[in-house]
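The structure appears right after this line, and notes come after that.
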Amino acid sequence: MPRYGFVIDLKRCYGCYTCQVACKAANHTPQGIDWARCVPAETGSFPVALRQMVPLICQQCADPECLKVCPTGATTQDENGVVQVDPDLCMGCKYCIMACPYGARQTVDEWKTYFPDADGDLDPYEAYAKAQWEEKNGYGIATKCDFCADRVKEGRQPACVEACPAKARYFGDLDDPESEVSILIRRERGFQLNPEFGTDPSCYYLPPR
Amino acid sequence: MLPNLKAQSKWSWLVAAYLFLAGLGAGAYVTGVVASYLGDGWIGISKIGVCLGFPCVLVGCMFLLADLGAPLNFWRAAMRPNTSWIARGTIIITIFMVLAFIHVAFWLWPFQGLAEAVGARQFIGILGVIFAFGTMIYTGILLAASRPIAFWSTSMLPLLFLVSALSTGIMAVILLASFAGTTHAGPIHSLARFDSLVIILEMFVLGFFLQGTHRVPEARASANLVLSGAVAPLFWWGVAVLGLIVPLLLDLLGARLEGGGAITVAFVASLCGILGGLFLRQVVLSGGIHAPLRAGRFEIALPNI
Amino acid sequence: MIAQPTNIKEDKWVPTSCGGCYAQCGIRAHVVDGIVVDLEGNPDTPAGSGRICAKGTAQLMTLYDRHRLNYPVKRTNPQKGVGVDPKWQRITWEEALDTIVEKFKNMKDPRGTYFQATTVQTSEIRFAVIAFMRAWGFRNYWVSGGGLWCGNGAHFMNGIMHAAWSIIPDWTYNNYTIYFGCSKGHGAGHAALQSAQWVADARARGMKAVVFDPFLSTQASKAHEWVPIRVGTDGAVALGMLNVILNEIGKWDDRYLKLKTNAPYLIQPDGHYKRDGATNKPLIWDPEDGRAKTFDDKSIKDYALLGSYQVDGTEVHPGFQLLKDHVKKNYPLDKVEKISSVPESTLRRIATEFVEHAQIGSTIMIDGHELPLRPSAAIFFRGSQGHVNSGWNCLEIDLLNHVVGAADVPGGSMGHGPPVSHGHPDTGKPNTVPYTCPDGLMVVKGWVYDHKPYPLREPGPPQRLDLQDMFPCSVYNAFTICTPEWEQYMKDFKIDYRPEIMINFGSNSVMTMANAEEVTENFLKKFNFIFSFNIYQNEFTEAVADIVLPDTCFLQRYTPCVPFPSTCCHPPGMDHWVWQIRQPVTEPLYERRDFNEMMLEIAKRLGIQEKYYDAINNIIPVRYGGEMAPEYQLDPKGDHDWQDIVDRVLKDRLGPEKGLEALKKTGLEKWPTKVQEMYWRWFTPVRVPIYFEFFLEAGEKLQKLLASYGREDMADFRFYTPLAEWFPCPSHEEKNPEFDLWAFSWRPSFHTQSSTQNNPWLDEVSVNDPFVYLIQINASTGKKKGLKDHDIIWVENPDGRKIKGPVKLVEGMHHEQLGIAGCHGHWARGTPISKGKGQFFDDLINPDLKHTDSLTQGSDACVKVKIYKA
Ligand SMILES: Nc1nc2c(c(=O)[nH]1)N[C@H]1C(S)=C(S)[C@@H](COP(=O)(O)OP(=O)(O)OC[C@H]3O[C@@H](n4cnc5c(=O)[nH]c(N)nc54)[C@H](O)[C@@H]3O)O[C@H]1N2
Ligand SMILES: Nc1nc2c(c(=O)[nH]1)N[C@H]1C(S)=C(S)[C@@H](COP(=O)(O)OP(=O)(O)OC[C@H]3O[C@@H](n4cnc5c(=O)[nH]c(N)nc54)[C@H](O)[C@@H]3O)O[C@H]1N2
Ligand code: SF4
Ligand code: SF4
Ligand code: SF4
Ligand code: SF4
Ligand code: SF4
Ligand SMILES: [Mo]
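This is how it looks when you write it as structure tokens:
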């Protein structure tokens with residue numbers, strides 16, 4: 000069984016927010032929910048200042064904190080190392096949100112239309128998105144990036160990987176030393192975010208420059 | 000540019016109320032059980048304490064339930080005791096509630112017959128105290144287990160919650176006892192004096208707890224938030240003044256007074272201290288800040304927490 | 000498996016072209032039972048390489064946005080102006096069209112019609128707009144802020160130097176790029192998605208980028224070096240670097256300058272070419288034979304670039320010698336440092352690195368052709384061109400490319416276009432190859448504007464209401480038509496008709512040209528009747544439109560040819576040519592109707608369809624290279640609808656099998672590019688100027704013309720000089736020390752000008768982004784002024800115009816400048832999501848003569864301001 004992993008190449012990423020929006024479109028996430036998040040950072044001081052976008056997703060940790068704290072068993076890890084939330088089991092205690100070091104999890108209480116002063120009923124797209132969301136996720140429960148499990152099962156790449164204009168995102172098998180992700184991590188000094196939490200993320204970043 | 004670290008907002012005052020009531024209930028129960036060994040003058044006090052245990056924890060759980068996003072699944076809360084402190088806590092609290100309930104039942108119809116079974120009651124009491132301590136401490140461990148939140152992730156927190164739970168438990172007993180006027184004057188007096196010691200202890204623990212925040216940036220950010228930021232008014236006025244200094248001073252004052260005056264002072268002190276206990280939970284929750292993430296030289300704050 | 004509801008009847012992917020910005024990437028829509036549920040990149044096309052951007056994906060929310068215009072409406076409040084409530088009343092399409100036709104029929108003079116269009120929907124402009132103009136007989140045309148901000152200098156100068164709309168580095172081979180105020184490959188700019196990928200590849204390969212920008216923009220943040228620069232001083236920097244290259248380092252591409260430029264042309268003391276008496280051709284000096292020869296003389300053994308020669312008793316110099324001496328004398332680095340704030344040592348180092356990386360003399364084999372390899376590029380766009388010295392800034396930067404021979408060769412700066420196309424293998428169309436003028440200089444073949452950048456337009460009596468057509472290098476201008484003096488101009492220049500009807504397609508000129516008040520009061524209110532196609536009620540429609548027509552958005556219309564030559568959205572490089580179409584991905588909602596169809600309908604109702612068809616028959620060969628086959632020409636006596644026209648264009652250009660029905664399935668047709676097309680410079684016998692002799696003559700003629708009307712005040716003739724000069728903007732000459740900051744504007748990658756802020760997904764992103772809705776200033780400057788993050792400040796220009804907003808203190812900002820993102824700060828009632836978010840930078844901009852480039856008439860988009868707490 001492959002262990003799915005991600006590589007986000009910070010030197011290629013120019014901070015366009017496409018991953019964030021493409022994830023929203025592909026997963027029909029409601030207002031305020033973004034499974035892919037882009038967080039701009041600045042360091043140094045004028046005139047030698049630096050800026051960098053740091054894209055975040057669920058890091059699909061090999062030893063996930065969220066799974067440990069989950070009291071209900073809603074959080075599980077599949078055979079590919081992808082951490083999943085079962086919406087039918089989750090009680091929405093948000094303990095996983097507190098315990099996740101990577102801010103990967105969010106909850107939402109209701110479907111709010113993006114067009115606030117509209118007359119109540121949803122437009123065809125929002126109605127479709129809402130139905131999809133309710134079928135696959137729901138309200139009050141923890142939700143997060145699942146490495147586009149449905150797409151991957153169909154043999155496609157995750158939506159954010161396909162969309163990224165700079166080709167800064169890669170998806171593949173960490174256990175296969177010859178996979179693109181493994182090679183990139185090896186050759187380009189891939190690192191995990193905040194390894195001190197000991198969760199062994201399956202998402203690696205390549206250095207900004 | 001250091002990232003602007005923001006506190007978590009997902010655990011609201013409902014959770015604070017739960018942590019607080021669970022602690023208070025357990026603390027009151029312990030007070031009650033201990034009082035039962037102090038002689039006949041303490042029987043009323045003991046009953047008050049023991050009786051407070053179950054309902055306070057139960058109401059606390061209602062608050063927690065209200066905070067759940069999918070409350071219909073609450074019954075799954077104990078499925079993963081091997082790793083999750085909510086699951087463990089749920090078990091501890093459930094056992095505690097069962098024990099506390101049985102304990103109360105000894106005095107109630109139709110179980111009054113058992114009232115004579117002193118041994119059984121004492122056995123239940125001792126078991127109950129063990130689980131009460133579990134309840135008091137676990138509320139702290141629950142938070143301490145969130146590793147990315149350094150403010151919580153410290154062994155001082157369970158200790159702090161334990162001391163505060165005891166203190167608020169005692170004060171809850173005093174509060175109820177004082178409704179009976181001077182009937183329980185003696186024990187109230189003693190409880191108040193004992194409580195002043197607990198308060199002093201709590202002050203130390205709180206001090207150590209805050210002192211431990213200098214090590215990592217997110218904990219420093221928490222301390223800043225609590226001591227001088229948005230949460231500071233609640234901390235200084237609600238916890239420090241209302242919850243600790245005022246009750247301590249009043250308790251000391253009460254020790255010099257007699258009769259009704261002393262009872263009134265103890266009543267006010269307890270009321271303040273109890274509110275302080277609630278505010279303490281809220282302060283701790285709203286001071287919870289996740290560690291920044293680091294990518295090379297860049298640091299970012301978690302969005303959306 | 001995706002859990003699908005079982006009752007799905009139809010689940011399909013429809014290929015089309017994005018219109019979220021003018022990059023026009025190939026995308027596909029996922030349509031489930033008639034509902035568009037996702038937009039993704041189309042993996043089959045090089046135009047976007049299967050990717051999509053945030054704006055593109057988010058168009059889903061624009062498609063279904065109910066705040067959009069859904070029905071035709073008419074103004075019932077006769078009052079017009081910024082912020083006025085038009086009190087819209089819903090009307091039927093019939094009523095709308097009847098009113099419009101009646102207004103046209105009652106016009107005093109059809110010349111008083113004015114077409115204004117947005118720059119975003121470029122493909123539409125080509126057909127409906129131009130055909131209608133020709134059919135109805137008027138010449139007043141304008142692409143909102145475009146032209147002023149991005150078009151005048153950049154397109155004009157790139158047209159002269161690269162036969163192209165714009166330039167980007169050849170990232171496949173480039174090792175060193177200097178960015179002057181453009182984001183190419185970093186969100187905005189052109190061929191956005193392919194560029195993003197190429198530049199990332201190049202970065203990964205080790206390509207170095209140096210970015211001159213007032214702030215740490217996206218491109219600067221990814222660069223190897225950010226050089227903070229004072230706005231509007233790019234030309235001076237480029238001239239300083241030229242000085243280093245020509246006079247300190249003394250290195251240039253001899254062969255390129257001799258064979259591909261007019262560097263060897265001999266210049267007389269009066270600044271003009273020394274011409275051959277018999278042929279009138281410019282002369283060069285052959286040092287081997289020791290005599291002057293015409294530039295194209297077959298016997299030339301070598302060309303002199305330097306020196307001083309006597310021809311027919313006059314002392315002459317090669318243009319190159321003059322340029323070299325000129326930069327030495329006038330652009331010493333200490334002077335340039337004072338102008339630009341960039342340290343002398345930095346300028347010297349970057350110039351040196353630029354030349355070294357150009358590897359002058361090196362070659363590369365591509366597809367069996369040995370080509371020069373010049374992996375250095377200097378590029379520019381909106382940032383460096385939006386100034387009083389718009390034209391010269393662009394030329395001066397591009398001169399860097401030409402002295403090292405890095406133009407349209409592997410590794411260098413590439414025109415796109417691309418300008419050279421040999422056409423589809425089956426049809427040979429579109430065919431565009433630049434050719435030479437009698438002086439040997441390059442003339443572009445297909446061009447979008449009605450006059451080519453070179454040869455310059457002859458200054459002559461103006462026909463247009465903005466008098467633009469009498470200026471030799473102007474593409475658009477704002478100062479004539481926006482000034483209260485305009486009536487006087489009309490008298491002075493004997494314009495014998497009045498503005499009557501404005502047709503607006505898209506453009507939001509109230510927000511995208513200059514300050515809203517002057518644009519509205521002085522310009523837009525001149526019209527008796529304005530009808531506007533838009534997808535939203537924007538600031539323009541609310542301020543001045545009488546009838547507003549709900550356009551379909553790009554997802555619901557047919558467009559025959561999307562990213563094809565003569566626009567800057569086709570990616571250059573050795574990949575594929577791609578010809579895309581745009582097609583409706585679902586049925587239009589409400590009463591939204593396609594602009595193309597409606598303009599055709601109006602033409603039919605006016606009875607001018609014959610001329611309309613005829614115009615299209617004429618537009619196609621000019622814009623899309625190559626005559627139309629008779630069988631596909633529109634029959635002026637016939638009755639064609641828009642789909643029929645689209646079908647004919649496709650069959651004519653791509654072959655009989657590639658009509659609309661065929662292309663609906665694939666969305667595109669592609670064929671491989673050739674080396675001769677992509678790296679065309681040495682395959683095409685053309686030269687470009689480094690000495691701009693023709694400006695001299697144009698300036699002289701213009702001066703004479705203006706003098707004949709008594710209006711010599713309308714241009715500063717110093718700009719018409721053959722040798723590159725830098726001129727300061729008014730902001731550089733502001734004397735009042737209170738105005739201590741330069742304000743400028745920049746584009747976030749996830750917004751398109753003023754179009755996208757009402758898109759809720761993009762708004763969500765923007766609200767959470769720490770920069771786009773805030774005013775950025777340097778942290779220590781801010782602290783000195785006692786400011787902290789999110790303080791509300793006023794930003795005021797010397798004329799007392801001011802805007803207000805929250806400030807953000809950042810390290811990535813030049814200490815004496817202030818940056819405001821895009822065209823935000825909307826106030827239209829029809830766009831509730833965008834209302835009041837971000838700042839409206841353009842309100843600080845003056846559309847007057849003082850802020851206009853005397854050469855290209857581009858507008859100055861930098862402004863000196865003071866700030867204080869609100
Ligand atoms: N502050 C600031 N101002 C600038 C610039 C800047 O960098 N900063 N840049 C300048 C530049 S370079 C340019 S080119 C101009 C551009 O200025 P404009 O051409 O005015 O472009 P937009 O602001 O995008 O406005 C386009 C309008 O077209 C509408 N629209 C979108 N799609 C369609 C469609 O399918 N049909 C119809 N009928 N309408 C549609 C949108 O709703 C919007 O109202 O702005 C200039 N102004
Ligand atoms: N995402 C997106 N893409 C677009 C568009 C859009 O609106 N959004 N619009 C399209 C259009 S119409 C155009 S014209 C292009 C424009 O594309 P760009 O030319 O890339 O436009 P800008 O981002 O406006 O300006 C580029 C940079 O110039 C800097 N700058 C401003 N003034 C100066 C100066 O005086 N000197 C220097 N050196 N730098 C300066 C700004 O800070 C900014 O970083 O993009 C096109 N593509
Ligand atoms: S889509 Fe790619 S380039 Fe854009 S922000 Fe995400 S990772 Fe970075
Ligand atoms: S990133 Fe957070 S949510 Fe994702 S697996 Fe790791 S701990 Fe769990
Ligand atoms: S919110 Fe759901 S997934 Fe998260 S810990 Fe609680 S039960 Fe588990
Ligand atoms: S992998 Fe899929 S779910 Fe995860 S961030 Fe990317 S698009 Fe979203
Ligand atoms: S770059 Fe422009 S055309 Fe391409 S997907 Fe984005 S918005 Fe659409
Ligand atoms: Mo533009």
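Residue numbers (numbering that gives the first Met the number 0), protein chains in the order written: chain X, 0 to 208; chain Z, 0 to 304; chain D, 0 to 869. A virtual CB, placed ideally from N, CA and C, is assigned to each residue, including glycine.
Is residue i close to chain X, meaning its C-beta is less than 8 Å from at least one C-beta of that chain?
i	result
residue 812 (chain D)	yes
residue 302 (chain Z)	yes
residue 401 (chain D)	no
residue 63 (chain D)	yes
residue 289 (chain Z)	yes
Among residues of its own chain, excluding the 5 on either side of residue i, which ones have a beta-carbon nearer than 7 Å to its beta-carbon?
i	result
residue 4 (chain Z)	217, 220, 288, 291 and 300
residue 163 (chain Z)	22, 201, 276 and 279
residue 676 (chain D)	417, 419, 420 and 421
I want to check one thing, is the minimum distance from the CB of residue i to the heavy atoms of ligand 7 below 7 Å?
i	result
residue 181 (chain D)	no
Check whether chain Z comes within 8 Å of residue i, counting only Cβ atoms and requiring the distance to be less than that.
i	result
residue 134 (chain X)	no
residue 0 (chain X)	no
residue 18 (chain X)	no
Are there any heavy atoms of ligand 4 lying less than 7 Å away from the beta-carbon of residue i, as far as the coordinates show?
i	result
residue 290 (chain Z)	no
residue 101 (chain X)	yes
Nearest to residue i by alpha carbon, out of the options?
i	options	result
residue 258 (chain D)	D:528, D:302, D:222 and D:19	D:302
residue 6 (chain Z)	Z:225, Z:261 and Z:267	Z:225
residue 83 (chain X)	X:33, X:14, X:9 and X:146	X:146
residue 198 (chain Z)	Z:227, Z:228, Z:186 and Z:161	Z:161
residue 732 (chain D)	D:88, D:63 and D:232	D:232
residue 92 (chain Z)	Z:264, Z:246, Z:25 and Z:304	Z:25
Using the beta-carbon of each residue, which ones in chain A are nearer than 9 Å to residue i?
i	result
residue 281 (chain Z)	Protein chains X, Z and D are contained in the structure displayed, whereas chain A is not.
Considering only heavy atoms of ligand 1, does any lie closer than 7 Å to the CB of residue i?
i	result
residue 535 (chain D)	yes
If you measure from the CB of residue i, is any heavy atom of ligand 2 nearer than 7 Å?
i	result
residue 54 (chain D)	yes
residue 751 (chain D)	yes
residue 20 (chain D)	yes
residue 195 (chain D)	no
residue 745 (chain D)	yes
Does DSSP put residue i in a helix, in a strand, or in coil?
i	result
residue 61 (chain D)	helix
residue 748 (chain D)	coil
residue 208 (chain D)	strand
Within a Cβ cutoff of 6 Å, which residues of the same chain sit near residue i, ignoring the five residues on either side of it in sequence?
i	result
residue 184 (chain D)	194, 195 and 198
Between which residues of its own chain and residue i is the CB-CB distance below 8 Å, once the five residues before and five after are set aside?
i	result
residue 785 (chain D)	868
Counting only C-beta atoms, is residue i closer than 8 Å to chain D at any point?
i	result
residue 49 (chain X)	yes
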